[in-house]
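Residue numbers (this note's numbering): 13 to 483.
Beta carbons are placed, not taken as given, at the ideal position from N, Cα and C, and that holds for glycine.
Small disclaimer: the values here were computed from a predicted structure and weren't measured.
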């Protein structure tokens, strides 16, 4: 038993990929790769750094003594300096040229940009799996009538697929947010303590072309096409705000989807997947709780609130640099990514196995369709010579009686009342002939298909494998 606190994201919810990406090992390896590329570029551009020194750094990227680094951090009270010394200890021939001309944010901020970009790309792939599941589901059920709700009160008919298309459209908009965040991640480069490149102007004896080439080479090594035009010591913290906004957007869509599912499961119309040996309650064996959807809502609330950290941090960055961003960002960005990962894993699992309870859905449609059809019935009565206003009043009075009967727990008898009313010109049989649910779903199938036709190209070549959720 480990007596130390362990984040639930790493212990229960997030994927191995995401927990590995934000591990100390990956972070410090990324720092070291940045030091390697800095030394390589400086060597290639004429500074007195040998190929052997670059090789020594390259050979020891993964050889990290965290205990030694921790001791050095106690001594220096500076994490980057501690790891510079730890790196030099395993590559002594290169110890003197590590971090040449750089400031701490060269490794910390560039590494963050690399990790955030990779995390966003992973999240994008997981989001596409959700989009794929909902695309299939919406298309399959695009024409299946179901009772629509406004204010969670019975309204006009929609279809099961049309309702799912609303969820789908939300998640597609989240994809746009992720792509926007990815497009706007640029590389910080190696610009010195206040972003002026003064140290490199000294090292390269004023040769600005070499400084530009240095930055270009390092950016290329890590797959970045663009470098921020100007910056202080750090990259613009607006980047963090865009990233957490994109993750929050996913949480918003997921929470809405999961809430709808919870309500529909209460009404026994749709169910999230439920295992054969799953226990719904320790006290009530009959319970079939929407546990995964509830967890989606819980985690999504955390992620939406976590996104507030970034704009507050952006707003208090004084001049070229202040350090009150650091502790917050160490928590809010990684935890935000781990939370988004956890949410998407759950939503994948749910959307891959939504259970449609057709008998209950059809029963609800039959129960409320007489009310929904009243306008059509009234128009048919007018065609037969009756007054529109007289018919409206008859339907109103009968509807109120039928609703009162339903409030008493009895079935809807609206059509029977109308058939017995001498002022209403349609028989019960004639009215039943009008009650075809498919005639009351408007253009739902066409609307769903139009959206599906747009989402299909997005998911053509994705890996649809859904993560197993064990807890």
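Problem set entry | Which of helix, strand or coil DSSP assigns to residue 166 | strand
Problem set entry | Buried versus exposed, by CB contacts within 10 Å (16 or more), residue 170 | buried
Exercise. From residue 454 to residue 177, what does the alpha carbon distance come to, in whole angstroms?
Worked result: 15 Å
Exercise. Roughly how many angstroms separate the alpha carbons of residue 188 and residue 206, rounded to a whole number?
Worked result: 34 Å
Exercise. Could you check where the alpha helix (DSSP H) with residue 47 kicks off and where it finishes?
Worked result: 36 to 56
Problem set entry | Pair within 7 Å by beta-carbon distance, residue 366 and residue 282 | yes
Exercise. What are the boundary residues of the alpha helix (DSSP H) that residue 331 is part of?
Worked result: Per DSSP, residue 331 belongs to no alpha helix (DSSP H) and is neither H nor E.
For this session: Could I get the ranges of all uninterrupted alpha helix (DSSP H) runs contained in the segment 319 to 397, with 4 residues as the minimum, in chain order?
Result: 321 to 327, 338 to 363, 370 to 384 and 386 to 395
For this session: Within the same chain, show all residues whose beta-carbon is closer than 8 Å to that of residue 356, passing over the 5 residues directly before and after it, in chain order.
Result: 135, 138, 139, 141, 142, 262 and 266
Exercise. With burial defined as no fewer than 16 other Cβ atoms inside 10 Å of the residue's Cβ, what is the status of residue 16: buried or exposed?
Worked result: exposed
For this session: For the alpha helix (DSSP H) containing residue 77, list its first residue and its last residue.
Result: Segment: none, residue 77 is in no alpha helix (DSSP H) and carries neither H nor E.
Exercise. Can you tell which of 94, 64 and 87 has the C-alpha that lies nearest to the C-alpha of residue 77?
Worked result: 94
Exercise. For residue 113, which residues from the same chain have a beta carbon less than 6 Å from its beta carbon, with the 5 sequence-adjacent residues on both sides left out?
Worked result: 211, 212 and 215
Exercise. Whose C-alpha, out of 272, 23, 204 and 450, is nearest the C-alpha of residue 333?
Worked result: 204
For this session: Count the other CB atoms, across all protein chains shown, that sit within 10 Å of the CB of residue 409; report buried if there are 16 or more and exposed otherwise.
Result: exposed
Exercise. Any chance the segment 367 to 375 sits against the segment 432 to 448, with 3 or more Cβ pairs inside 8 Å?
Worked result: no
Problem set entry | DSSP three-state assignment for residue 269, whether helix, strand or coil | helix
Exercise. For residue 82 versus residue 98, is the C-beta distance shorter than 7 Å?
Worked result: no
Problem set entry | residue 338 to residue 239 span [Cα, whole Å] | 22 Å
For this session: Name the residue from 383, 109, 462 and 39 whose alpha carbon lies nearest to the alpha carbon of residue 449.
Result: 383
Exercise. When DSSP labels each residue in this structure, what does residue 29 get in the three-state scheme?
Worked result: helix
For this session: Just tell me which of 108, 75, 49 and 145 has its CA closest to the CA of residue 122.
Result: 49
Exercise. Measuring CB to CB, does residue 197 end up less than 7 Å from residue 276?
Worked result: no
Problem set entry | For residue 421, three-class secondary structure by DSSP | coil
For this session: Identify the continuous alpha helix (DSSP H) that holds residue 456 and give its terminal residues.
Result: 456 to 467
Problem set entry | Beta-carbon proximity of residue 308 to residue 385, cut-off 7 Å | no
Exercise. To the nearest angstrom, how far is it from the Cα of residue 161 to the Cα of residue 387?
Worked result: 18 Å
For this session: Would you please state the rounded distance, in angstroms, between the beta carbons of residue 179 and residue 269? I believe it to be under 8 Å.
Result: 5 Å
Problem set entry | Cβ neighbour criterion (16 or more within 10 Å) applied to residue 335 | exposed
For this session: Helix, strand or coil for residue 453, going by three-state DSSP, please let me know.
Result: coil
Exercise. Under the rule that 16 or more other beta-carbon atoms within 10 Å means buried, what is residue 245, buried or exposed?
Worked result: buried
Problem set entry | Assigned secondary structure, residue 239 (DSSP; H/G/I helix, E/B strand, else coil) | strand
For this session: Could you tell me which uninterrupted alpha helix (DSSP H) segments, each at least 4 residues in length, are contained entirely in the segment 137 to 201, listed from first to last along the chain?
Result: 172 to 195
Exercise. Considering only C-alpha positions, which residue in the set 101, 181, 35 and 272 is nearest to residue 163?
Worked result: 272
Problem set entry | Nonlocal neighbours in the same chain, by C-beta distance under 8 Å from residue 147, ignoring five residues either side | 180, 464, 467, 468 and 471
For this session: Please state if the CB of residue 326 and the CB of residue 260 are separated by a distance shorter than 7 Å.
Result: no
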